[in-house]
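*Asks:* If you're matching positions, the sequence shown starts at 51 in the working numbering and goes up one per residue.
C-beta atoms are modelled at their ideal positions from N, C-alpha and C, and glycine is treated no differently.
In this text the structure is predicted, and so the values were computed from the model without any measurement.
Below: one structure in structure tokens.
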Amino acid sequence: MPRINLLPWREELRQERQKNFGIAAGVAVALGAFVVWYAATTYQARIDHQRDRNKYLNTQIAELDKQIEEIRALEDLRDRLIARMGIIDELQRSRPVMVHLFDELVRTLPEGVYLESVQQNSKRILIKGVAQSSTRVSNYMRDLDTSPWFKDAGLNILEKRGESIEFTIFVSQGAPETETPDEAAS
């Protein structure tokens with residue numbers, strides 16, 4: 051006898067296909083979710099690693115900035131010390147100059163001229179004094195101009211007070227060519 055299948059085979063086939071499709075869709079969704087999770091985890095790990103590197107670099111930069119500040123402070127200190135050494139060296143070299151200036155003030159001072167005060171401001175010297183006559187003041191200025199230790203003498207104030215004349219002279223400090231301390235030692 052021939053076999054006749056009266057069952058709704060198309061319906062069963064459709065259900066089986068839907069079941070297979072559901073399984074395949076589930077697997078695809080699970081696989082897609084896994085891929086998304088794996089990608090997110092991988093990129094998050096990379097981002098965390100880069101953040102750690104950036105944090106390390108920032109701490110190193112902060113340390114280097116601190117060291118740079120220390121170096122700048124040391125350079126400033128060095129510059130100040132060099133400036134102090136220069137001032138001390140200049141003072142050491144100019145020590146005998148004051149002796150020469152006072153000696154020259156006395157040598158150039160003519161008779162009848164008396165000094166009341168001598169003030170020095172850098173290389174400029176202010177001399178205040180009293181003279182018996184204006185001729186003696188002009189002789190004093192001429193002597194100052196011929197001195198190797200003074201130059202550019204100029205009369206600022208000349209006033210007659212009774213029988214004497216009060217004067218104020220400005221003069222610049224000059225220094226003749228002198229031998230260096232090394233040459234003097236030899």
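Would the stretch 208 to 220 and the stretch 175 to 192 be scored as touching if the rule is three or more Cβ pairs under 8 angstroms?
*Replies:* yes
*Asks:* Check this for me: beta carbons of V14 and Y164, under 8 angstroms apart or not?
*Replies:* Because residue 14 is not part of the residues shown, which for the chain are 51 to 236, the question remains open.
*Asks:* If you reduce the DSSP assignment to three classes, tell me which class E216 lands in.
*Replies:* strand
*Asks:* Helix, strand or coil for S197 per DSSP?
*Replies:* coil
*Asks:* Just to confirm, are Q223 and K178 a CB contact at a threshold of 8 angstroms?
*Replies:* no
*Asks:* Between E120, R128, E161, which lies nearest to S188 when the distance is taken from Cα to Cα?
*Replies:* E161
*Asks:* Residues in its own chain within less than 8 angstroms of A235 by CB, not counting five upstream and five downstream?
*Replies:* For A235, the predicted model reports a pLDDT of 48, less than 50, meaning its position is unreliable; a value from the coordinates is still stated below. Cβ neighbours of A235 beyond the five flanking positions: none.
*Asks:* With H, G and I counted as helix, E and B as strand and the rest as coil, what does DSSP make of L159?
*Replies:* Under the three-state reduction of DSSP output, L159 falls in the coil class, being neither helix nor strand.
*Asks:* Does the contact criterion of 3 or more C-beta pairs under 8 angstroms hold for the stretch 193 to 200 versus the stretch 138 to 158?
*Replies:* yes
*Asks:* Buried or exposed: N70, going by 16 or more other Cβ atoms within 10 Å of its Cβ?
*Replies:* exposed
*Asks:* Consult DSSP for Q117 and reduce its assignment to one of helix, strand or coil.
*Replies:* helix
*Asks:* Label L63 either buried or exposed according to how many other C-beta atoms from any shown protein chain fall within 10 Å of its C-beta, with 16 as the threshold for buried.
*Replies:* exposed
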